[in-house]
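Visitor: Pasting a structure here, questions to come.
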Amino acid sequence: MKSNKTQSKIIRAATVMERSIKISSPQATPHSTLDVGCSMFNVSSLFRISILGFSIFLFLTSTAFAKNDAAFSETMKDSLVYLKISYYGYEQYQPWRNTNLTEGWGVGVVVAQNKIITPAYNIANAAEIQAKRFGQNEFIAAKIKIISYENNLALIELDANSIKKPLVPVKFTGIYAKGAPVEFYWLSPTENIYSGRGYLDRASVDSYAMAFSKVLNFVAASASDRTHSGQLYCIGKKPIGIAGWSNENKEAGIIPAEVINRFLNDSKDGDYNGTGAVGFSAAALLDSALRKYLKMPADMQLGVYVADVFMLGTAADILKAGDVILSIDGCQLNPYGRFTHKQYDALYYDYLITSKTAGEKITFDIFRDGKKQTLQTTVKNFNVSDMLVPWYDLDAQPEYCIIGGCVLQKLTKTYMAARGENWTSKAEPHIYNYLLNSAFKPTEDRKSIVVLSFILPGDITLGYHGLSQLVVNKINGMKISSMRDLPAAFALNPQDKYDVIEFELDEPKIVLDRSKLPQADATIAQTYGIDKPANIK
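In this text, residue positions in the sequence shown follow this note's numbering: the first is 77, and each later residue adds one.
As structure tokens, then:
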């Protein structure tokens, strides 16, 4: 039997609902009656009974759901860990200087006895990671085993000797049901399991944070809390992914089971091959005149236009600018570059490449030179450091070289973005062009871009202090293809009295008196706290 307190809650709820609804029919008066069988009921009484019954149903349903949710939360205690993370970093425009240590937190989901996963960007530039599990006061030492910023996943290994009670691995399932309610869970530092709710709104193909690859992710809407730290998402009691991002619109990105399971399978032997990277850019093919120019038949309405081909990535070895991609692995592309996935509906073509592991075979049906062709290649990826202008340089000190106060640095997107809000409008057009149009096009003659960041004031560089953000072309007559060329270039022509640095766009040369360099370098190092004059990988 329900308690008096429970009955009071139900009656109060029924009263509120009754008061919130008015009978607007002109025949409905306080004394209106309805003939139901042989009985006569007052409308208000009938309505009160209906509302009361519905309120009881809602109360019992919510109570049952809460009990089930609490029971499931209890089972999660040995499958979730709290991560305490210390971060380090470097100042992009003073790359010899560390930033202050900061602290953050994250959620780890157990996938093996002493292994967990968490979003990669949650532990970027981590100096130390410690894990706290339910029922154990002390933290457990943790270290990164494998990290993929393109898939936003990291595999972390916990110190097995410090785990007092076995952990329970989570098995992810590839369920996707648009509109389905989802729940998410995480462990707090006080060993409480918290949960929240939302609903599954859509599947999409997007890139994470600084990443260049567009990969599959689910989007949850109306999330009750912001989630981006690895919270475990479930449909019912089935884990479907972990939180990867969130925004102010109560949307949350879920790294889905499909991506997680592929990452874990690829990591089993400790040698992570990675997923495919796209080796070209495409544009919508909507212009009928362009289709005619490409000699496409009038009845051929499919296909997306290849606008550019890179030096890196999948299909860079088989495609040409001006090709039309009709299908990838048999999946037809519409003029926008989308195809219909049997489970996720419309997705962009990137998925057909980034959902594969490097080394797999892939087939392109294209239209070129007035006819259809079928081309085969292998799925390829690359390290961000292979790019002409890397999109990020995480977990490492930026590359630099200081000589005579001239601060020479490797150009990266991170370096450019350090100029703050609206950095793209602040960037010098010549430098920004390398990022915009050539980032994926390194060559043997040009593997990276070296820039003069700025000049530290000193007597040896009088007259040059205003120079900055210039692309280095030659040093002592040697063409510079990467930061690695600098030591050899400055060692050239030992009989000469000067080091000469030349720049693109006919900018003024810098001429440094070699006899004054040792003293100048020592003074500058002491003045600006430079413990080492170069960091070249």
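Cβ atoms here follow ideal geometry from the backbone N, Cα and C, with glycine treated the same way.
1) Enumerate, from N- to C-terminal direction, the unbroken alpha helix (DSSP H) stretches of 4 or more residues contained entirely within the stretch 342–388.
2) For residue 648 versus residue 382, is the C-beta spacing smaller than 8 Å?
3) Identify whether residue 120 lies in helix, strand or coil by the three-state DSSP scheme.
4) Could you name the residues of the same chain whose beta carbon sits closer than 7 Å to that of residue 254, not counting the 5 residues immediately before and after it, in chain order?
5) CB-CB under 8 Å to residue 502, same chain, minus the five flanking residues each way: which ones, in chain order?
6) Going by the DSSP bridge assignment, what does residue 416 pair with across the sheet?
7) Are the beta-carbon atoms of residue 460 and residue 507 separated by less than 8 Å?
8) Is it right to say residue 520 is buried, meaning 16 or more other beta carbons lie within 10 angstroms of its own, or is it exposed?
9) Kindly examine the ligand PLP and report whether one of its heavy atoms sits closer than 7 Å to the Cβ of residue 541.
10) Starting from the Cα of residue 446, find the closest Cα among 367, 542 and 361 and give me that residue.
11) With H, G and I counted as helix, E and B as strand and the rest as coil, what does DSSP make of residue 471?
12) Note the first and the last residue of the continuous alpha helix (DSSP H) segment covering residue 447.
13) May I ask you to list the residues that DSSP assigns as paired with residue 218?
14) Quick check on DSSP: helix, strand or coil for residue 150?
15) Closer than 6 Å by C-beta to residue 317: which residues in its own chain qualify, once you throw out the five before and the five after it? Chain order, please.
16) Can you tell me whether residue 526 is buried or exposed, with buried defined as 16 or more other CB within 10 angstroms of its CB?
17) Which residues in the same chain have their Cβ closer than 8 Å to the Cβ of residue 340, if we skip the five residues on either side of it in sequence?
18) Between the alpha carbons of residue 563 and residue 584, how many angstroms are there, rounded?
19) So, is residue 375 buried or exposed, given that buried needs 16 or more other C-beta atoms within 10 angstroms?
20) Would you say the stretch 299–315 touches the stretch 480–496, given that touching needs at least three Cβ pairs under 8 Å?
21) So, with DSSP's three-state summary, where would you put residue 315?
22) Quick check on this structure: which residue in 510, 491 and 322 has the alpha carbon closest to the alpha carbon of residue 165?
23) Out of 211, 220, 214 and 196, which one is the CA nearest neighbour of residue 204?
24) Verify whether the separation of the beta carbon atoms of residue 379 and residue 355 is less than 8 Å.
25) Using DSSP with H/G/I as helix, E/B as strand and the rest coil, what is residue 200?
26) Return helix, strand or coil for residue 463, following the three-state DSSP convention.
27) State the DSSP-derived secondary structure class of residue 582, mapped to helix, strand or coil.
28) Pick helix, strand or coil for residue 390, following the three-state DSSP scheme.
29) Can you tell me which of the three DSSP states residue 302 falls into?
30) State yes or no: is the C-beta of residue 467 within less than 8 Å of the C-beta of residue 260?
31) Quick one: measure Cβ to Cβ for residue 33 and residue 439, integer angstroms, because I've assumed they're closer than 8 Å.
32) Check for me: the beta strand (DSSP E) holding residue 328 runs from which residue to which?
33) Excluding the five sequence neighbours on either side, which residues of its own chain have a C-beta within less than 8 Å of the C-beta of residue 428, listed in chain order?
34) Give me the Cβ distance between residue 470 and residue 515, rounded to the nearest whole Å; I'm assuming they're in contact under 8 Å.
35) Report all residues from its chain with a CB closer than 8 Å to the CB of residue 589; omit the five preceding and five following residues, and keep chain order.
36) For residue 224, count the other beta carbons within 10 Å of its own beta carbon; 16 or more makes it buried, fewer makes it exposed. Which is it?
Guide: Let me spell this out:
1) 364–369
2) The structure shown has nothing for residue 648, since the chain only spans 77 to 613.
3) For residue 120, the predicted model reports a pLDDT of 46, less than 50, meaning its position is unreliable and no value from the coordinates is stated.
4) 276 and 278
5) 495 and 496
6) 422
7) no
8) Under this definition residue 520 is an exposed residue.
9) Because no ligand of any kind appears in the structure shown, any question about the ligand PLP cannot be addressed here.
10) When C-alpha distances from residue 446 are compared across 367, 542 and 361, the shortest belongs to 367.
11) When DSSP states are grouped into helix, strand and coil, residue 471 belongs to the coil group.
12) In the DSSP assignment, residue 447 falls outside any alpha helix (DSSP H) and within the unbroken beta strand (DSSP E) covering 447–454.
13) Note: residue 218 sits in a beta bridge opposite 205 and 234.
14) Reduced to three states, the DSSP call for residue 150 is helix.
15) Excluding positions up to five away in sequence, the list reads 309, 330, 331, 332 and 333.
16) buried
17) 187, 193 and 231, listed in sequence order.
18) 22 Å
19) exposed
20) No contact exists between the stretch 299–315 and the stretch 480–496.
21) strand
22) 491
23) 220
24) no
25) coil
26) coil
27) helix
28) strand
29) coil
30) No, Cβ-Cβ distance for residue 467 and residue 260 is not below 8 Å.
31) Given a span of 77 to 613 for the chain in the structure shown, any question on residue 33 remains unanswerable.
32) 328–332
33) If the five residues before and after residue 428 are omitted, its C-beta is found closer than 8 Å to the C-beta atoms of 404, 405, 407, 415 and 438, all from its own chain and listed in chain order.
34) That pair is no contact at about 16 Å.
35) 536, 573 and 574
36) The residue in question, residue 224, is buried, as its Cβ has 16 or more Cβ neighbours within 10 Å.
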